[in-house]
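Visitor:
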Amino acid sequence: MVSRISLGLVAFVATAWVTMGLFSQYQRQMLFPGPQGVDVSMLNEVASRVGATELSIPTEDGETLYGWHRAAVWSGPRRVVLYFHGNASSLLAQMELQNLLLSEGWDFVGIHYRGYPGSTGAPSEAGLHEDAAAAWKWVTEELGTEPSRVAIHGRSLGGGVAVQLAAAVTPGALVLESTFTSIVDLAKEHFRWLPIGRILEHRFMTRDFTKRVSCPLLVAHGAADSIIGVHHGKELARLFHADEYIEVARIDHNDMLLVGLIATRYLNFLEGAVPAGQQ
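Following this line, the structure appears as structure tokens:
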């Protein structure tokens, strides 16, 4: 009996170490899988069809990012939503949101992270923060938008990117949609028996920036989110003292959230933070 227990324990430990090794080795692929079925030719075709200006944005560390600028037909001062997409997403995934923003006088600027279609390099936490800084520089310097007239919007992984950028600059508003408190917290929920704290390389500690974000903040989450549980959104709203929290029943992680009936609350938040006529 003792020998069986010993052998079982050895087998368990061996399996655990192998699993830890594989998790450590493949965490980049798990966290940054990229979009399926999206290539540059498709992006070119859709950009042409919707009137998006295709961007090539250099980063400080030598990469080049693919992006879009869609300009609203609007007579007042420019307002921009700088959008950061989720880990398996692309610029093609939120067309309804883009069109909604354009209809309300907001320009849309979005990028593909390094290693994603059209962008050079390989993704990493540090790299994505470099990408965000480059996108912000393009919006405020090349496009000439006043920082106070830029709303930063991050969805899912993009929320972890957006919050750190908002902590470093002075945007007019921040939107965290379907975002985690941290990748560490999220990974612990999905891999409860692994020592995540020691082996996780890309951590995206969203909750650590609570005292460094001073702009108006909207947190939105689907109540039926099966990937990033709604408790993450509730906790972020509490920690950051969010100006508004939107929770939508029966919405899962990959469902459209800030469109349809909820669009009015989203647009009202943006309008309150950056009024159309504000100079």
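Counting from 1 along the sequence shown, just add 1122 to a position and that's the residue number in the numbering used here. Quick reminder that beta carbons are idealized off the backbone N, C-alpha and C, glycines included.
1. Please state the DSSP three-state secondary structure of R1334.
2. If you compare alpha carbons, which of E1268, M1164 and I1305 is closest to R1150?
3. Between the Cα of T1181 and the Cα atoms of L1380, P1293, G1237 and R1271, which residue gives the shortest distance?
4. Do you know whose CA, among G1159, H1324 and S1300, lies nearest K1356's CA?
5. What does DSSP give as the partner residues of D1229 in its beta bridges?
6. Just the C-alpha distance for D1183 and W1260, rounded to the nearest angstrom, thanks.
7. Are A1288 and I1274 closer than 8 Å when you measure CB to CB?
8. Please identify the residue among P1293, P1245, D1229 and S1246 whose C-alpha is closest to the C-alpha of L1265.
9. Quick check on the DSSP output: the alpha helix (DSSP H) that includes I1305 runs from which residue to which?
10. Can you give me the C-alpha to C-alpha distance between H1375 and L1298, rounded to a whole angstrom?
11. From L1165, R1201 and N1209, pick the residue whose C-alpha is nearest to that of P1293; which is it?
12. Run the CB neighbour count on L1165, radius 10 Å, all protein chains shown included, and call it buried at 16 or more, exposed below.
13. Less than 8 Å between the C-beta atoms of P1155 and Y1188, yes or no?
14. Just tell me which of R1372, H1251, H1353 and V1341 has its CA closest to the CA of F1362.
15. Counting only the same chain and skipping the five closest in sequence on each side, list residues whose C-beta sits under 6 Å from that of G1143.
16. In chain order, what residues of the same chain have a beta carbon less than 6 Å from the beta carbon of L1223, not counting five sequence neighbours either side?
17. Can the beta-carbon of A1295 be found closer than 8 Å to that of A1395?
18. On the DSSP letters alone, give me the boundaries of the beta strand (DSSP E) that E1252 sits inside.
19. Mark H1354 as exposed unless 16 or more other C-beta atoms lie within 10 angstroms of its C-beta, in which case mark it buried.
20. Shortest alpha-carbon distance to A1194 belongs to which of V1172, E1185 and H1207?
21. Are there 16 or more other CB atoms within 10 angstroms of the CB of E1263, so buried, or fewer, so exposed?
22. T1328 and G1281: beta carbons closer than 8 Å?
23. So which of E1218, S1211, G1232 and L1153 has the shortest CA-CA distance to H1191?
24. Which residues bound the beta strand (DSSP E) around G1208?
Guide: This is what the structure holds:
1. Within the sequence shown, the letter at position 212 stands for residue 1334. In the three-state reduction of the DSSP assignment, R1334 falls in the coil class.
2. Here residue 1150 refers to the residue found at position 28 of the sequence shown. Closest option to R1150, Cα to Cα, is I1305.
3. Counting from 1 along the sequence shown, the entry for residue 1181 is found at position 59. For the residues L1380, P1293, G1237 and R1271, the minimum Cα distance to T1181 belongs to G1237.
4. As a working mapping, residue 1356 is identified with position 234 in the sequence shown. Comparing Cα-Cα distances from K1356 to each of G1159, H1324 and S1300, the minimum goes to S1300.
5. Your numbering for residue 1229 matches position 107 in the sequence shown. D1229 pairs with V1202.
6. On the sequence shown, residue 1183 is found 61 positions in, with the first residue counted as 1. On the sequence shown, residue 1260 is found 138 positions in, with the first residue counted as 1. Distance between the alpha carbons of D1183 and W1260 is about 15 Å.
7. Taking the sequence shown and counting its residues from 1, the one referred to as residue 1288 is at position 166. Taking the sequence shown and counting its residues from 1, the one referred to as residue 1274 is at position 152. Result yes, Cβ atoms of A1288 and I1274 sit closer than 8 Å.
8. Reading the sequence shown from its first residue, position 143 is the one you call residue 1265. Here the closest residue by C-alpha is D1229.
9. Here residue 1305 is taken as the residue at index 183 of the sequence shown, counted from 1. It spans I1305 to H1312 - the alpha helix (DSSP H) in which I1305 sits, taken as one unbroken run.
10. As a first step, residue 1375 must be located in the sequence shown, where it is residue number 253. As a first step, residue 1298 must be located in the sequence shown, where it is residue number 176. Taking the straight line joining both Cα atoms gives about 13 Å.
11. As a first step, residue 1293 is located in the sequence shown; it is residue number 171 there, counting from the start. Ranking L1165, R1201 and N1209 by CA distance to the CA of P1293 puts R1201 first.
12. Position 43 of the sequence shown, counted from the first residue, corresponds to residue 1165. With 16 or more other Cβ atoms within 10 Å, it is buried.
13. Position 33 of the sequence shown holds residue 1155. Position 66 of the sequence shown holds residue 1188. Result no, Cβ atoms of P1155 and Y1188 do not sit closer than 8 Å.
14. The residue given as residue 1362 occupies position 240 in the sequence shown. It is V1341 whose Cα lies nearest to the Cα of F1362.
15. Here the question's residue 1143 lines up with position 21 in the sequence shown. Caution applies to G1143, whose pLDDT of 45 falls short of 50 and renders its modelled position unreliable; the model cannot decide the point.
16. As a first step, residue 1223 is located in the sequence shown; it is residue number 101 there, counting from the start. Here the set comprises V1203 and F1230.
17. Sequence index remark: in the sequence shown, residue 1295 carries index 173 (1-based). Sequence index remark: in the sequence shown, residue 1395 carries index 273 (1-based). Cβ distance < 8 Å, so A1295 and A1395 count as in contact.
18. The residue labelled residue 1252 in the question sits at position 130 within the sequence shown. Careful: E1252 lies outside any beta strand (DSSP E), inside the alpha helix (DSSP H) at E1247 to K1259.
19. Reading the sequence shown from its first residue, position 232 is the one you call residue 1354. Buried, by the Cβ-count rule.
20. Taking the sequence shown and counting its residues from 1, one reaches residue 1194 at position 72. Answer by Cα proximity: V1172.
21. In the sequence shown, the residue the question calls residue 1263 occupies position 141. So E1263 counts as exposed.
22. Your numbering for residue 1328 matches position 206 in the sequence shown. Your numbering for residue 1281 matches position 159 in the sequence shown. With a cutoff of 8 Å on beta-carbon distance, T1328 and G1281 are scored as near each other.
23. Taking the first residue of the sequence shown as 1, we reach residue 1191 at position 69. Ranking E1218, S1211, G1232 and L1153 by Cα distance to H1191 puts G1232 first.
24. As a working mapping, residue 1208 is identified with position 86 in the sequence shown. Counting along the chain, G1208 falls outside any beta strand (DSSP E), and DSSP gives it neither H nor E.
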